[in-house]
Amino acid sequence: MALTGIQILKLLPKTNCGECKFPTCLAFAMALAAGKTELDLCPHVSDAAKSELSDASAPPIRQVSIGVDDYAVRIGGETVLFRHEKTFFNKPGIGVLITDAMDDGEVDRRLSALEYFQYERVGVTMKPEIAAIRFTGNKDRFLAIAKNAQTRPCSVVLMCDDAAVMKEAVEVLKDRKPLIYAARPDNYEAFGALAKEYSLPLSVAGNGFDEVASLTEKLTAMGLKDLVIDTTKRQVRDAFIDQVAIRRAALMGKFKPLGFPTITFPCEMTSDPMKEIVIASLFVAKYAGIIILSDISGETVFPLLLQRLNIYTDPQRPMTTKEGIYPINNPDENSPVIVTCNFSLTYFIVSGEIENSRVPSWLCIMDTEGLSVMTAWAAGKFVGDLVGSFIKKSGIENNVKHRNLIIPGYAAAILGDLEEELQGWKVLIGPREAAHLPAYLKNLS
Ligand code: SF4
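Under this note's numbering, the letters of the sequence shown match residues 154 to 598, in that order.
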């Protein structure tokens, strides 16, 4: 059972040395209880306390990693049933199915789709991440596709029920840490031994969660920890019920045999691509760790990625952009200087409007802890002296020879204080709405 911050504090050294980058042991304990830091950051915890805290602070759904380096997909690690209770941590990996029955052109198209369909949204890159390679009887093709996937920027799920063929594919991809799919009641010992030999994550496929729980118990007894669950239900209603039941059993029932992320197959639940994406969106919300699609196209995958982004952002933390100076449209020493806050949405709307205006400009983004202009002003984080001090420290004075600064229309009230702080600068009040920036900037020049 999860410990509270105070319970964790009792197990810490309480020296407030600050080596964990928190000012006090209490602050560290509170962050640990909230799942916002790692126990390893405190180098002074005793082994006994470490063991107690590791067990207690482990999430009820184990975090499992598939793939390596930049292409690693982390799934599981969840601690709540509903996003608004805290946050969902690890977004589900989205994958495309590839089989050994497909020709080279089709295989390449699908692997390339994992690279091609990338989208930028509020500073985040959204993309599908996983190639799910299925063996249907042609070993040479299966191994050739595994080899092809080896050099692609994606993670891999290897799907095969023949342990000998799986071993050959694992040998090809072992450095890419693929997920082995799947250990079943009749082959779990061979698949468990394979996963253990190569230290790879293993998927467990059983008929319903009773059979799955029995398999995870046996595999856990073999020493395997990184498991991924499939209850093999391919009717949407049944699969959905299992997802919810597994999450509830792990979180509320503390039932460890089901405390693992899941893999789902919308690709096997319908032949209609649009319906498939609707089903996939159901599993984004509740509670898939991996979602395998039959194919990927822009019109189907983009809304799914966007839904995933929305659900897996932390509702307690506004999205922010890094503080700094952003040159837009190749500005020079005569270009206007605009300042605003670092709420991501503000940054992307304002920078987009400046880009549209085609007026070369310097956009100065000030850290307001992700608050929008009005909220930051009301909270005292976007006020005259702070904005003035930021402009002086930002280095923008080295980029321009004029001393004119445009502030958001909603922050007009800071003008007096700002001019006092920024001696020698003339402060101009910009439009309230970003949409009016292009006309405003064109009129300046
Ligand atoms: S490093 Fe450990 S002992 Fe030091 S302040 Fe952090 S929690 Fe306390």
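C-beta atoms are modelled at their ideal positions from N, C-alpha and C, and glycine is treated no differently.
Checklist entry - For Ile394, which option in Asn340, Val381 and Ala438 has the closest C-alpha, if you only look at C-alpha atoms? => result Here residue 394 is taken as the residue at index 241 of the sequence shown, counted from 1. Closest by alpha carbon: Ala438.
Item to check | Limits of the unbroken alpha helix (DSSP H) element including Glu324 | outcome: To locate residue 324, count along the sequence shown from 1; it is residue 171. Element bounds for Glu324: Ala316 to Leu326.
Checklist entry - What residues are listed by DSSP as bridge partners for Ala608? => result Since the first residue of the chain shown is 154 and the last is 598, residue 608 is not available in this structure.
Item to check | Presumed contact (8 Å Cβ cut-off) between Pro338 and Leu353, rounded CB distance | outcome: As a working mapping, residue 338 is identified with position 185 in the sequence shown. As a working mapping, residue 353 is identified with position 200 in the sequence shown. The pair is not a contact, with the Cβ atoms about 20 Å apart (cut-off 8 Å).
Item to check | Cα-Cα separation between Ala565 and Asn596, rounded to whole angstroms | outcome: Indexing the sequence shown from 1 puts residue 565 at position 412. Indexing the sequence shown from 1 puts residue 596 at position 443. One C-alpha to the other measures close to 19 Å.
Next on the checklist: I'd like to know if the region 376–389 and the region 184–196 are in contact, where contact means that at least 3 CB-CB pairs between them fall below 8 Å.
Outcome noted: no
Item to check | Selected residue, minimal CA-CA separation from Thr278, among Pro513, Arg585 and Leu459 | outcome: For the purposes of this step, residue 278 is taken as residue 125 along the sequence shown, with counting starting at 1. Considering only alpha carbons, the answer is Leu459.
Item to check | Which residues DSSP lists as bridging Phe496, in chain order | outcome: Numbered from 1 along the sequence shown, position 343 holds the residue referred to as residue 496. Beta-bridge pairing links Phe496 to Thr473.
Checklist entry - Okay, do the region 497–513 and the region 538–554 touch, 3+ Cβ pairs below 8 Å being the bar? => result no
Next on the checklist: Given this structure, state the Cα-to-Cα distance separating Met183 from Phe241, to the nearest angstrom.
Outcome noted: Position 30 of the sequence shown, counted from the first residue, corresponds to residue 183. Position 88 of the sequence shown, counted from the first residue, corresponds to residue 241. About 18 Å.
Checklist entry - When the distance is taken between beta carbons, is Lys349 closer than 9 Å to Met375? => result Counting from one through the sequence shown, the residue named residue 375 turns up at place 222. Counting from one through the sequence shown, the residue named residue 349 turns up at place 196. Against a cut-off of 9 Å, the Cβ pair of Lys349 and Met375 comes out as a contact.
Next on the checklist: Just checking Val397 against the ligand SF4 - is the residue's beta carbon closer than 8 Å to any of the ligand's heavy atoms?
Outcome noted: Numbered from 1 along the sequence shown, position 244 holds the residue referred to as residue 397. Incorrect: Val397 has no Cβ contact closer than 8 Å to the ligand SF4.
Item to check | Complete runs of the alpha helix (DSSP H) confined to the region 512–555 [at least 4 residues] | outcome: 526–531 and 537–547
Next on the checklist: When you measure from the CB of Thr177 to every non-hydrogen atom of the ligand SF4, does any distance come out below 8 Å?
Outcome noted: The residue labelled residue 177 in the question sits at position 24 within the sequence shown. Because some heavy atom of the ligand SF4 lies under 8 Å away, the Cβ of Thr177 counts as near it: yes.
Next on the checklist: Report the CB separation of Val503 from Leu590 in whole angstroms; it is logged as a contact under 8 Å.
Outcome noted: The sequence position of residue 503 within the sequence shown is 350, counting from 1. The sequence position of residue 590 within the sequence shown is 437, counting from 1. Val503 to Leu590, Cβ: 7 Å. Contact.
Item to check | Pair within 9 Å by beta-carbon distance, Gln271 and Asn243 | outcome: As a working mapping, residue 271 is identified with position 118 in the sequence shown. As a working mapping, residue 243 is identified with position 90 in the sequence shown. No, these two residues do not count as a Cβ contact at 9 Å.
Item to check | Residue burial classification, Thr157 (beta-carbon count within 10 angstroms, cutoff 16) | outcome: To locate residue 157, count along the sequence shown from 1; it is residue 4. That one is exposed.
Item to check | CB of Gly477 within 9 Å of CB of Cys517, strictly | outcome: To locate residue 477, count along the sequence shown from 1; it is residue 324. To locate residue 517, count along the sequence shown from 1; it is residue 364. Their beta carbons are under 9 Å apart, which means Gly477 touches Cys517 by this criterion.
Checklist entry - Which parts of the region 437–468 are runs of the alpha helix (DSSP H), unbroken and 4 residues or longer, counting only runs that do not cross its ends? => result 451–464
Next on the checklist: So, with DSSP's three-state summary, where would you put Val389?
Outcome noted: Here residue 389 refers to the residue found at position 236 when the sequence shown is read from its first residue. DSSP places Val389 in helix when its eight states are reduced to three.
Checklist entry - Quick one: what's Pro480 bridged to in DSSP? => result On the sequence shown, residue 480 is found 327 positions in, with the first residue counted as 1. The partner list for Pro480 (beta bridge, DSSP) reads Trp515.
Checklist entry - Is Glu364 helix, strand or coil when you go by DSSP? => result As a first step, residue 364 is located in the sequence shown; it is residue number 211 there, counting from the start. Of the three classes helix, strand and coil, the one that applies to Glu364 here is helix, per DSSP.
Next on the checklist: Considering only DSSP beta bridges, list what Thr168 is partnered with.
Outcome noted: Here residue 168 refers to the residue found at position 15 when the sequence shown is read from its first residue. Paired residue(s): none; Thr168 is not in a bridge.
Next on the checklist: I need the boundaries of the beta strand (DSSP E) containing Leu311, first residue and last residue.
Outcome noted: In the sequence shown, residue 311 corresponds to position 158, counting from 1. Residues Ser308 to Met312.
Item to check | Exposure label - Arg470; buried when at least 16 CB within 10 Å | outcome: The sequence position of residue 470 within the sequence shown is 317, counting from 1. Classification for Arg470: exposed.
Checklist entry - Could you give the C-beta distance for Ile247 and Glu282, rounded to a whole number, given that I count them as a contact under 8 Å? => result Translated into positions along the sequence shown, residue 247 becomes position 94. Translated into positions along the sequence shown, residue 282 becomes position 129. So it is a contact: roughly 6 Å between Cβ atoms.
Checklist entry - Would Phe413 pass as a contact of Thr369 if the rule is Cβ separation under 9 Å? => result As a working mapping, residue 413 is identified with position 260 in the sequence shown. As a working mapping, residue 369 is identified with position 216 in the sequence shown. Contact flag set, yes.
Next on the checklist: Report the CB separation of Leu162 from Cys173 in whole angstroms; it is logged as a contact under 8 Å.
Outcome noted: Here residue 162 refers to the residue found at position 9 of the sequence shown. Here residue 173 refers to the residue found at position 20 of the sequence shown. In fact, because the Cβ distance is near 13 Å, the residues do not count as touching under 8 Å.
Checklist entry - Taking 8 Å as the cut-off, is the CB of Lys167 close to at least one heavy atom of the ligand SF4? => result As a working note, residue 167 is residue 14 in the sequence shown. Yes, the beta carbon of Lys167 sits closer than 8 Å to at least one heavy atom of the ligand SF4.
Item to check | Secondary structure of Asn291, DSSP reduced to three states | outcome: Indexing the sequence shown from 1 puts residue 291 at position 138. Looking at Asn291 - three-state DSSP - the assignment turns out to be coil, as it is neither helix nor strand.
Item to check | Segment contact flag, the region 217–226 with the region 200–208, C-beta cutoff 8 Å, min 3 pairs | outcome: no
Next on the checklist: Here's the rule: buried if 16 or more other CB atoms are within 10 angstroms of the residue's CB, otherwise exposed. What is Ala358?
Outcome noted: In the sequence shown, residue 358 corresponds to position 205, counting from 1. Under this definition Ala358 is a buried residue.
Checklist entry - Where does Ser199 sit, in a helix, a strand or coil, going by DSSP? => result What you label residue 199 is simply residue 46 of the sequence shown in a count that begins at 1. Residue state, collapsed to three classes: coil.
Item to check | the ligand SF4 heavy atom lying under 8 Å from the CB of Glu205 | outcome: Within the sequence shown, numbered from 1, the residue matching residue 205 stands at position 52. The answer is no for Glu205.
Checklist entry - What span of residues does the alpha helix (DSSP H) with Gly569 cover, start to end? => result The sequence position of residue 569 within the sequence shown is 416, counting from 1. Run containing Gly569: Leu568 to Glu574, per the alpha helix (DSSP H) assignment.
Item to check | Simplified DSSP state of Arg274, which is helix, strand or coil | outcome: Taking the sequence shown and counting its residues from 1, one reaches residue 274 at position 121. Strand, per DSSP.
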